[in-house]
Amino acid sequence: MVMKVLNSIAELPETSEYGLIIGNFDGVHLGHRKLLDEVSKECVARNQDMVVITFVPHPLITLRNEKSFLLNTYEERQDLLKEHGVSWLIEIPFTRDLSMTDPSDFLEHYILCNKNVKTLFLGHDFAFGANKKGDHRFVKEYCSDKPIDVEVQKKFTIDTKTYSSSLVRQLLKSGNPKEASDLLGRKFFVSGRVIKGLGRGKQLGFPTANIDLVKERLVPEFGVYGTMCSFRGCTYRSITNIGKNPTFDDVSGINVETNVFDFSGDLYGEEIKVTFIDKLRDEQKFSSVNELIDQIKKDIERRKSWSD
Numbered sequence: 087m088v089m090k091v092l093n094s095i096a097e098l099p100e101t102s103e104y105g106l107i108i109g110n111f112d113g114v115h116l117g118h119r120k121l122l123d124e125v126s127k128e129c130v131a132r133n134q135d136m137v138v139i140t141f142v143p144h145p146l147i148t149l150r151n152e153k154s155f156l157l158n159t160y161e162e163r164q165d166l167l168k169e170h171g172v173s174w175l176i177e178i179p180f181t182r183d184l185s186m187t188d189p190s191d192f193l194e195h196y197i198l199c200n201k202n203v204k205t206l207f208l209g210h211d212f213a214f215g216a217n218k219k220g221d222h223r224f225v226k227e228y229c230s231d232k233p234i235d236v237e238v239q240k241k242f243t244i245d246t247k248t249y250s251s252s253l254v255r256q257l258l259k260s261g262n263p264k265e266a267s268d269l270l271g272r273k274f275f276v277s278g279r280v281i282k283g284l285g286r287g288k289q290l291g292f293p294t295a296n297i298d299l300v301k302e303r304l305v306p307e308f309g310v311y312g313t314m315c316s317f318r319g320c321t322y323r324s325i326t327n328i329g330k331n332p333t334f335d336d337v338s339g340i341n342v343e344t345n346v347f348d349f350s351g352d353l354y355g356e357e358i359k360v361t362f363i364d365k366l367r368d369e370q371k372f373s374s375v376n377e378l379i380d381q382i383k384k385d386i387e388r389r390k391s392w393s394d
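In this text, residue positions in the sequence shown follow the working numbering: the first is 87, and each later residue adds one.
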């Protein structure tokens, strides 16, 4: 079935039974995917629809006011979760009050209130509620006399690697999208609407598509990257600059600008997806415009030499 997005567990139809898992699933990395696939198999075996409960915004954005943090937009997360057998996605609005909710109250209000939820799956290290008291030990004890099974999923190791969203963020912030992609199990990407920039790339002879990113969206370390750019059902090789254009002393904030190879046309207002392959170089301040142009030409030639 096509995954449906809800805001409350009360919206689930009463015609089915459900297996449910809770998590943030930012990035939907390989560890997440392994967990989701195992839960999906269990739900099929139990003849239950698979439900994921997650939060909007991400709890750390509310609690710590994190910026440049999310590995995916919430819409991108929805698309990634669809690939793993999820029938229903419940996005609970996250607030400071919710973070202080007693774990037993959370269970009663958000899960046990729906009698058709027959199985609750928990990751090995997941905890919720005030002071994160709602770990799997608490949940198993609290639900021991309730008509629901609690299944704790074991810790997954793949090639002895540790998989976590925080590690992926660290790798991207250090300019290492290649290793981050290994943990994600796919290439890291950003997507968004193309907006008008200053037109400087076009003036230099290298027109760029500038993406309008939400402020919470993480972007890799400043620099120039080899990328792929997708739009209108086609994918093109490209290079992407992330930074503040120090050669021109820009003060407009962080720019994500992509020069698309073998394409000429207007992309303003269109949605594009930029997939990161690897880093070409750090951001630099050049002594002249001509020096910058020469370096961009070198960046393009180097990118074109990659086999991808």
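The beta-carbon is built from N, C-alpha and C at its ideal position, and this holds for glycine as well.
Could you say if the stretch 312-326 and the stretch 360-369 meet the contact criterion of at least three C-beta pairs nearer than 8 Å? yes
Report yes if the CB atom of leucine 166 is closer than 8 Å to the CB atom of valine 114, and no otherwise. yes
3 or more residues per run - each beta strand (DSSP E) lying fully within the stretch 102-168: 104-108, 135-142
Best match in Ala295, Ala131, Arg388 for proximity to glutamate 357 [C-alpha to C-alpha]: Ala295
By the three-class DSSP mapping on this structure, what secondary structure does isoleucine 95 have? helix
From this set, Ile325, Asn345, Arg367, Ala96, which residue's C-alpha is nearest asparagine 202's C-alpha? Ala96
Separation of serine 190 from glycine 215, as counted between CA atoms: 8 Å
To which residues of the same chain is valine 225 closer than 8 Å at the C-beta, ignoring the five residues directly before and after it? Pro189, Leu193, Leu206, Leu208, Val236
Whole angstroms are fine: how far does the CA of methionine 186 sit from the CA of asparagine 217? 7 Å
Nearest-angstrom Cα distance between serine 350 and arginine 318? 13 Å
Taking the beta carbon of histidine 144 as the centre, do at least 16 other beta carbons fall within 10 Å, making it buried, or is it exposed? buried
Could you give the residue range of the beta strand (DSSP E) that holds valine 342? 341-346
If you drop the 5 nearest sequence neighbours on each side, which residues of the same chain put their C-beta closer than 7 Å to that of glycine 388? This sequence places arginine at residue 388; glycine is not what is there. Cβ within range, chain order: Leu366.
Report the rounded CA-to-CA distance for arginine 303 versus leucine 156, giving the unit in angstroms. 5 Å
First and last residue of the beta strand (DSSP E) that includes tyrosine 329? Position check: residue 329 holds glycine in this sequence, whereas tyrosine was assumed. Note, glycine 329: beta strand (DSSP E), 320-329.
When you compare each of Phe372, Asp348, Ser373, Val300 to asparagine 341 by their alpha carbons, which one comes out closest? Val300
Alpha carbons only, please: which of Cys320, Leu175, Glu369 is nearest the one belonging to proline 99? Leu175
My guess is that glycine 117 and tyrosine 249 are in contact by the Cβ rule of under 8 Å, so how many angstroms apart are they, rounded? 3 Å
Where the beta strand (DSSP E) containing phenylalanine 317 begins and where it ends: 309-317
From the DSSP output, in three-state form, read off glutamate 46 for me. With the chain covering only 87 through 394, there is no way to say anything about residue 46.
Would valine 280 and glycine 355 qualify as a contact pair, given that the criterion is a beta-carbon distance under 8 Å? yes
Enclosing beta strand (DSSP E) for aspartate 352 [first to last residue]: Aspartate 352 -> no beta strand (DSSP E), and no H or E assigned at all.
Less than 8 Å between C-beta atoms, sequence neighbours within five positions excluded: which residues of the same chain meet that for lysine 390? Arg323, Phe347
I'd like the span of the beta strand (DSSP E) that includes aspartate 211, first residue to last. Aspartate 211 -> no beta strand (DSSP E), and no H or E assigned at all.
Straight-line gap, lysine 241 to aspartate 211 (C-alpha atoms, nearest Å): 8 Å
Which residues share a DSSP beta bridge with isoleucine 178? Phe141
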